[in-house]
Amino acid sequence: MELHTEDTGIVKLLAAPLRPTQLQSLENLEIVLEELSLLSGERHQNGDSASVMQGSDSVKDPELLSVIRQKEKDLILAARLGKALLERNQDMSRQYEKMQRELTEKLEHLEQEKHELRRRFENREGEWEGRVSELESDVKQLQDNLEKQQIQLREADREKTRAIQELSEQNQRLLDQLSRATEMERQLSVQVHDLQEEFRDKNSSTDQHIVQLESLQAEINLLLDQKQEAEGQLSAMMEENYLLQGNIEELQDRVLILDRQNCDKDLQLHQTQLELQEIRVSYRQLRLKVEELSEERSLQTFNSTSLLSEIEQSIEAEEQEEEREQLKLQLWEAYCQIRSLCSHLRGNDIADSAVSTDSSMDDSSETSSAKDIPAGSLHVALTELKRLIQSILDGNEYLGSRRNDDDALEEQFKRTSEDSRALRELLQGEQQRMKESLQELQKLHTQVTFLSLEINTLKEERDHLQASFQEKKSSEQVVKAIRDRDEAIAKKNAVEMELAKCKIDLMSLNSQLLDAIQQKMTLSQQLEAWQDDMHRVINQLLMDKHQKEWSKLLIPSPMAIKAEYLSYFYNPAGTSGSYAHCAKGEAHFLTFQ
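Per my numbering, the sequence shown runs over residues 115 to 707.
Here is the structure:
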């Protein structure tokens, strides 16, 4: 029976996995079994000799002989089993060495991949920093260009106001000239009446007519010069309008880009604020748990002397002991969660996961590790979490400063919109002035028609005088006076033609001014649309920039961190669990990369 129990123990040893210490003990067992086999052979030889010498004794004790033989068989069987066990142990040792080599190779491969990923991460970080610097330089350049464009717009507004003033002055001059022309026409009519009286009295003089004609010719030359100057100013204003239109299109494109950037930054800031709120809620829950534990410890100070109170105290002590164990486990879980949050915020996921794998064993190991928590470790972890959250808040303050810069840009755009509104109001005022000038031109047209009627009456009178002078034909002086009168009338007709041409030129100038006003109105509408597009572009660019910044920070959401580490703590103990967690941490790092 003893041998049978030994055989079953050996079979169990063969079935169970062996350790290096067990392998060494089995080698010692093999040596012992070889010695036993040698001893059994010697005993067999001694038994044969003893059987020859003591035949009578062997006949008397057959049971002892059978027992000895059975023991020898058991020893042989044990030797065979030991040999098989030794071979099995050798195979297991070879397999163990092979697995250890494979494990080392895998660990080296993982370390190489980790180094490569870290190098790639550093390269990406450098590229990101370069991109950020480029974007900042672009923003500064855009701000400078925007200021230049604003200065150019102000200069253009000033030039425009100057041109409007010059045009109004020119219109006033033209009106003055027209009034002078009317006065001259009246003077001419008076002179014609005087000539009629002189013809009647036969005392006409031609010198006055010549002087008046010379003055009229000088006035006509002045009107022509003023017309040429007005045409030059109109062409210069058209060129300025084309330049302003090109500048406005460029500013529209830049404002669109800045609007898109501003939108992106606002969205990224909102996401970071939500994540910070979740982290603060989890931190407050942990603080409440710690306060509850401290209160429960302070309440455990009751002592009584009676037997009943001692029994109740023992029962309460047992319950409190169980609650303490549960609270210790909860404290351990909270401590691990705080460490995991800190490691995620620092970006050291793989190092902290390796530390946590050593602490994630079976239930007994968890309780023992919960009892061995240092006194100030939880406070240290909480202070570290506060420090990391403060750093994140500082980063948000930096984002807030960037947001202030964006607000400054928006104020600048508002100023440009106000300038555009002022420009629109000036254009409306100019349009009103042009309407007034058109009314004045209509008045001048009516005056010209009246002058033409008066000229027709003068022509009739001239014809009548010619007829009367032809009938008389009294003297050569009368004929000369008639010729002078005819020349004066011809010059007057030429002056009328010039006045008609000036009227046509004024009408064309008015139409050109109306076209310029319409173009400026369309430009103001385009400027408003350009400002709206610029705001959208700035918001989009800011949103893209915020998303890039937060994707580089590698900060996952607190709920994802909590779910990952809870699943890890409830994973069964063993090497397979640790390898799975290592693979999980590596995959998590790859996803962030």
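We put the CB at the ideal spot given by N, CA and C, even for glycine.
For residue i, which of the options has the nearest alpha-carbon?
i	options	result
Q645	E568, E364, Q214	E364
E498	Y449, Q546, E539	Y449
I603	V306, A277, N285	V306
K615	V404, I334, R202	I334
S457	L337, E345, S247, L502	L502
L336	E550, S349, M206, R287	R287
L267	L572, A643, N361, R599	N361
H578	Q310, L455, M351	Q310
L572	D308, Q226, L189	D308
E550	L330, L338, E610, L289	L289
Q451	E406, Q399, E439, E405	Q399
Q626	T560, S247, L407, M352	M352
F564	R300, A495, E447	R300
E610	D629, Y356, R208, N570	N570
State yes or no: is the C-beta of residue i within less than 9 Å of the C-beta of residue j?
i	j	result
L281	Q342	no
I265	M648	no
K262	E354	no
R401	N259	no
L249	K634	no
Q359	Q284	no
A277	A332	no
N653	Q375	yes
Quick one: Cα of residue i to Cα of residue j, how far?
i	j	result
D271	E568	46 Å
M298	I631	35 Å
Q76	L613	The requested residue 76 does not occur in the structure, where the chain is confined to residues 115 to 707.
K606	A295	11 Å
K187	L178	14 Å
H229	Q204	37 Å
E480	R232	Below a pLDDT of 50, predicted positions are generally treated as unreliable, and E480, at 42, falls in that range; no measurement from the model is reported.
V181	E201	30 Å
R597	V304	19 Å
A608	S638	45 Å
R453	Q255	45 Å
L655	V253	10 Å
V651	M657	10 Å
E663	D373	18 Å
L443	D378	44 Å
H384	S505	17 Å
E409	K403	10 Å
E239	Q661	14 Å
Q366	A643	8 Å
R194	R234	59 Å
L620	R245	59 Å
E601	L302	14 Å
E243	S665	13 Å
V395	E436	28 Å
L199	Y210	16 Å
L330	Q291	11 Å
V494	K197	58 Å
E236	Q226	15 Å
S293	K617	14 Å
T218	K212	10 Å
E539	S622	24 Å
D629	K594	52 Å
N624	Q257	39 Å
L381	Q391	16 Å
DSSP has residue i in a bridge; who is on the other side?
i	result
R374	V651
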